[in-house]
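So for the sequence shown, this note's numbering puts the first residue at 67; every next one is plus one.
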Amino acid sequence: MAINSTLTILGEEVLPGESKTITMEIARLHTMTKLKIPIIVERSKIPGPTILFSAGLHGDEINGIEIVRQTIVRKLNKPKRGTIICIPVINIFGFVNQSREFPDGRDLNRVFPGSKKGSLASRFAYYILEEVIPNVDYCIDFHAGGASRFNAPQIRIVPNNAELKELSDVFNAPFTLYSKHIPGSFRSACDKMGVKMLLFEGGKSLDINHDITHEGIQGIKRFLQHFDMLNPHKKGPVANNDTVYIDKSSWVRARHSGLFQSKIKAGDFVHKGEVIAVITDPFGKFEHKVKAPNGGYIINANDGAIVYQGDAIFHLSQSYQF
67 MAINSTLTIL GEEVLPGESK TITMEIARLH TMTKLKIPII VERSKIPGPT ILFSAGLHGD
127 EINGIEIVRQ TIVRKLNKPK RGTIICIPVI NIFGFVNQSR EFPDGRDLNR VFPGSKKGSL
187 ASRFAYYILE EVIPNVDYCI DFHAGGASRF NAPQIRIVPN NAELKELSDV FNAPFTLYSK
247 HIPGSFRSAC DKMGVKMLLF EGGKSLDINH DITHEGIQGI KRFLQHFDML NPHKKGPVAN
307 NDTVYIDKSS WVRARHSGLF QSKIKAGDFV HKGEVIAVIT DPFGKFEHKV KAPNGGYIIN
367 ANDGAIVYQG DAIFHLSQSY QF
């Protein structure tokens, strides 16, 4: 967008220097209750880029919602220059139901670019791309692991993209994973529209973790400071992490069903052959050790107490660099 132009979302204009909360209403519950999605816009009078902080694309990924909420509460979204848009909860339906999906059973992060006359999830995807994204230069979308799987704080970007690599360096999460775009994803759609997106993963669904929230907030501070948008009255970001760049990774899966007892946590480094978990039966008949197939970093760990044969229990890096 033009760096000092009028910003328009859903027919509402926001001038430089203005603050406004724009309500997105696309559909209602079957009870006829309106569900409103607040789009919180803060603009400086000084020209600059427009950054979107979004979360809750999956309604049960609450930790991302908390990161964007704290961004607002701490007034980090009041920029020194440029514009900051915050959407703490995109999938308000899933958030109400503490569910990943929309009421139509669809995963919102698989239906982009959507359709004006399609399914409920498809319509939401359409209006986000039609009304919000054309105004945006950069986006950080916050996610968490699902199904009791805890993600170490990480940024995900496509490989061989120098600009995204630079932005990931700026955010400086403990881990950066190179991963290709998934068809139908928000990240893929934004890329096609020229918006530079970082996807943050951290924590697990239906959970708020202080350390994950802290990493997200500090990354936001560094990101805003990079563009000279960080409010000068706010405390600067903490010292940078030693980021680990992961080129290749694989899932370690359970070979047996049973009670699951992990010996390590997400973010740990493990050595080849190290016992990283034990799977037992409830009757004292067997005890199977799970050993690391290679040395590397645990970037996702299953927190469940019970696993079934074939369940993903650890996401382990195979190739990494500093």
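Yeah, the Cβ is synthetic: ideal placement off N, Cα and C, and Gly gets one too.
Residues near residue i in its chain [Cβ-Cβ closer than 6 Å; skip 5 each side]
i      : result
Ile248 : none
Tyr386 : Val310 and Ile312
Gln327 : Val344
Glu340 : Ala358
Asn226 : none
Thr279 : Glu132 and Ile133
Lys269 : The residue asked about is misnamed: residue 269 is Gly in this sequence, not Lys. Closer than 6 Å at the Cβ level, and outside the excluded window around Gly269, lie Asn129, Ala210, Asn275 and Ile278.
Ser85  : Glu108
Leu118 : Ile151, Val202 and Cys205
Whole-angstrom distance between residue j and residue i, CA atom to CA atom
i      : j      : result
Asn306 : Gly282 : 13 Å
Leu296 : Glu127 : 26 Å
Phe252 : Leu101 : 21 Å
Gly361 : Arg288 : 31 Å
Ser323 : Pro348 : 11 Å
Asp257 : Ser383 : 26 Å
His292 : Phe216 : 29 Å
Trp317 : Val224 : 19 Å
Asn368 : Ile379 : 5 Å
Pro169 : Met98  : 14 Å
Asn129 : Arg176 : 21 Å
Thr242 : Ile206 : 14 Å
Val139 : Pro154 : 12 Å
Glu78  : Thr87  : 10 Å
Met259 : Leu195 : 9 Å
Lys355 : Val336 : 15 Å
Ala213 : Gly285 : 25 Å
Lys314 : Arg222 : 12 Å
Leu142 : Leu290 : 9 Å
His209 : Val80  : 28 Å
Glu229 : Met263 : 10 Å
Gly114 : Ile75  : 18 Å
Leu272 : Ala218 : 16 Å
Pro298 : Pro145 : 9 Å
Ala255 : Ala191 : 10 Å
Lys329 : Leu123 : 32 Å
Ile105 : Phe266 : 20 Å
Ala371 : Gly333 : 19 Å
Endpoints, beta strand (DSSP E) assigned at residue i
i      : result
Glu196 : Glu196 -> no beta strand (DSSP E), and no H or E assigned at all.
Ile150 : Thr149 to Ile153
Gly362 : Gly362 to Asn368
Thr116 : Thr116 to Ala121
Thr391 : In the structure as shown, the chain starts at 67 and stops at 388, and residue 391 therefore has no counterpart that could be examined.
Thr74  : Leu73 to Ile75
Glu78  : Glu78 to Val80
Beta-carbon contacts of residue i that lie in its chain and below 8 Å, excluding the five residues immediately before and after
i      : result
Met67  : Model confidence at Met67 stands at a pLDDT of 48, short of 50, so the residue's coordinates are unreliable; what they give is reported in the following sentence. Closer than 8 Å at the Cβ level, and outside the excluded window around Met67, lie Leu73, Thr116, Pro200, Asn201, Val202 and Asp203.
Glu91  : Lys100, Leu101, Lys102 and Ile103
Ser188 : Arg172, Val177, Gly180 and Ser181
Lys331 : Phe216, Ile364 and Ala367
Gly83  : Arg109, Ser110 and Lys111
Ile342 : Val318, Ser328, Lys329, Ile330, Val336, Val356, Lys357, Ala358, Ile364 and Phe380
In DSSP terms, what residue i is bridged to
i      : result
Gln327 : Val344
Val356 : Ala343
Lys262 : Tyr204
Ala395 : The question about residue 395 has no answer, for the chain in this structure spans 67 to 388.
Gln220 : Phe241 and Glu267
Gly211 : Lys270
Arg176 : The partner list for Arg176 (beta bridge, DSSP) is empty, contrary to what the question assumes.
Lys314 : Ser385
Arg109 : Thr149
Ile248 : Answer is none; Ile248 lacks a bridge partner.
Arg94  : Lys100
Arg319 : Ala378
Opening and closing residue of the alpha helix (DSSP H) in which residue i lies
i      : result
Leu290 : His276 to His292
Gln375 : Note, Gln375: premise wrong, no alpha helix (DSSP H); not H, not E.
Val134 : Ile128 to Val139
Ile158 : Ile158 to Asn163
Residue i: CB within 8 Å of a non-hydrogen atom of the ligand ATP
i      : result
Arg176 : This structure lacks the ligand ATP, and indeed carries no ligand of any kind.
Beta-carbon contacts of residue i that lie in its chain and below 7 Å, excluding the five residues immediately before and after
i      : result
Gln136 : Thr279 and Ile283
Glu16  : It is not possible to answer for residue 16, since the shown part of the chain is limited to 67 through 388.
Ile186 : Checking the sequence shown, residue 186 turns out to be Leu, not Ile. Hits under 7 Å: Ala93, Phe168, Pro169 and Asp170.
How about the segment 147 to 154 and the segment 234 to 244: do they share at least three Cβ pairs that are nearer than 8 Å?
-> no
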